[in-house]
């Protein structure tokens, strides 16, 4: 699907809503929020505390001296996906991005991520991580990411370089249209799969990335890669109605055109047979 109209910045230049899902990130969350607020494009920061058992919520509350910070709190831990959906409900900015509650992803990249959308060149932009020079990665982590990304390209006939990136930017209206249902890390492949099923192409830009080790709080495991593949398969095979609550108008149009062609062909064949019989 071609890019839509450009998004005009507000007078302040602030167009971006930032969702920060957080679970037991006491050590880094305040620093992340303060850093996000320094970016001139940020209109709103919605922090969703997913029932942390440490001082995460208290650290977030210290940031409310800036009126752009909105806090949402889950009384029961529900997972990253649910936290993102809770945050999305509170976003009022025209564009939205998900920022993990650590410094793996640098808010300094926001400007390059939103630029293609503002200029009308893209509807969805992903930040591509560089895997070279990252000591925190294992061989199997890199291979797993490549497998999941390749599977995405094969299943959806597209070409993207980093499906699992955490930096995904799009119009808020589009993210709401996706009808997200994921509750945990499965929301990452779900976002991509649903975007591609709607016919949007993903624009990619390189970003800075500082990977964490498991000792530093990295939560992803190899099982999340398997779940990502399963999620992509389900989205690819599901009907448009099951995914989005309504039939695919383009699919329906193609079916109608095909039916008309078959009927017209059958009619022409019938006329031809009738003419041949009369000649006999």
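Residue numbers (our numbering): 46 to 325.
Glycine included, each C-beta is placed from N, C-alpha and C at the ideal position.
As the structure is a prediction and not an experimental result, all values here were calculated from the model.
Return the Cβ separation of residue 240 and residue 210 in integer angstroms, given the expectation that the two are a contact with Cβ distance under 8 Å.
As a working note, residue 240 is residue 195 in the chain shown. As a working note, residue 210 is residue 165 in the chain shown. Contact annotation, residue 240 with residue 210: C-beta distance approximately 13 Å; criterion of less than 8 Å not satisfied.
Extent of the continuous alpha helix (DSSP H) to which residue 242 belongs:
Against the chain shown, residue 242 aligns to sequence position 197. Segment 232-242, the alpha helix (DSSP H) holding residue 242.
What's the call for residue 287, buried or exposed, on a 16-neighbour Cβ count within 10 Å?
Along the chain shown, one-based indexing puts residue 287 at 242. Counting of Cβ neighbours within 10 angstroms places residue 287 among the exposed residues, the total staying below 16.
Would you kindly report the start and end of the unbroken beta strand (DSSP E) that includes residue 67?
Position 22 of the chain shown holds residue 67. First-last of the beta strand (DSSP E) with residue 67: 61-67.
Please determine, among 161, 67, 238, the residue with the shortest C-alpha to C-alpha distance to residue 203.
Position 158 of the chain shown, counted from the start, is the residue given in the question as residue 203. For residue 203, the closest alpha carbon among the candidates 161, 67, 238 is that of 238.
Residue 316, buried or exposed, once every other Cβ within 10 Å from all chains shown has been counted against 16:
Your numbering for residue 316 matches position 271 in the chain shown. Unreliable placement is indicated for residue 316, whose pLDDT of 47 sits below 50; no coordinate value is reported for it.
Length of the line joining the Cα atoms of residue 261 and residue 99:
Residue numbering aside, residue 261 sits at position 216 when the chain shown is read from its first letter. Residue numbering aside, residue 99 sits at position 54 when the chain shown is read from its first letter. Here the model assigns residue 261 a pLDDT of 46, short of 50, so the residue's position is not dependable and the matter cannot be decided.
Among 58, 64, 77, which has the Cα closest to the Cα of residue 217?
The sequence position of residue 217 within the chain shown is 172, counting from 1. Among 58, 64, 77, the Cα nearest to that of residue 217 is on 64.
Using DSSP with H/G/I as helix, E/B as strand and the rest coil, what is residue 225?
Residue 225 sits at position 180 when you count from the first residue of the chain shown. Residue 225: coil per DSSP, three-state reduction.
Best match in 200, 86, 75, 82 for proximity to residue 107 [C-alpha to C-alpha]
For the purposes of this step, residue 107 is identified with residue 62 of the chain shown, where counting begins at 1. For the residues 200, 86, 75, 82, the minimum Cα distance to residue 107 belongs to 75.
Would you mind giving the Cβ-Cβ distance between residue 248 and residue 161, rounded to the nearest angstrom? I have them listed as a contact below 8 Å.
Taking the chain shown and counting its residues from 1, one reaches residue 248 at position 203. Taking the chain shown and counting its residues from 1, one reaches residue 161 at position 116. Confirmed, about 5 Å.
Where residue 199 falls: helix, strand or coil (DSSP):
For the purposes of this step, residue 199 is taken as residue 154 along the chain shown, with counting starting at 1. Correct three-state label for residue 199: helix.
Within this structure, are the beta carbons of residue 225 and residue 130 separated by less than 8 Å?
Here residue 225 refers to the residue found at position 180 when the chain shown is read from its first residue. Here residue 130 refers to the residue found at position 85 when the chain shown is read from its first residue. The answer is yes: Cβ separation under 8 Å.
Is the beta carbon of residue 198 closer than 8 Å to that of residue 188?
The residue you call residue 188 lines up with position 143 of the chain shown. The residue you call residue 198 lines up with position 153 of the chain shown. No. Outside cutoff.
Option in 97, 151, 208, 87 with minimal Cα separation from residue 246:
The sequence position of residue 246 within the chain shown is 201, counting from 1. Answer by Cα proximity: 208.
Residue 247 by DSSP, collapsed to three states: which one?
Along the chain shown, one-based indexing puts residue 247 at 202. The answer is strand: DSSP assigns residue 247 an E or B state.
C-beta contact flag for residue 192 and residue 235 at 8 Å
Position 147 of the chain shown, counted from the start, is the residue given in the question as residue 192. Position 190 of the chain shown, counted from the start, is the residue given in the question as residue 235. Their beta carbons are not under 8 Å apart, which means residue 192 does not touch residue 235 by this criterion.
Could you tell me which residues DSSP pairs with residue 216 in its beta bridges?
As a position in the chain shown, residue 216 is number 171, starting the count at 1. Listed as beta-bridge partners of residue 216 by DSSP are 140.
Let me check understanding here. Comparing Cα to Cα, which of 308, 156, 231 lies closest to residue 250?
As a position in the chain shown, residue 250 is number 205, starting the count at 1. Selected option, being the one with the closest Cα: 156.
According to the Cβ coordinates, are residue 159 and residue 61 closer than 8 Å?
Translated into the one-based positions of the chain shown, residue 159 becomes position 114. Translated into the one-based positions of the chain shown, residue 61 becomes position 16. Here residue 159 is near residue 61, since their CB atoms are less than 8 Å apart.
Determine the closest residue to residue 104 out of 70, 48, 306, 271, with distance taken between C-alpha atoms.
Taking the chain shown and counting its residues from 1, the one referred to as residue 104 is at position 59. Of the listed residues, the one whose Cα sits closest to residue 104 is 70.
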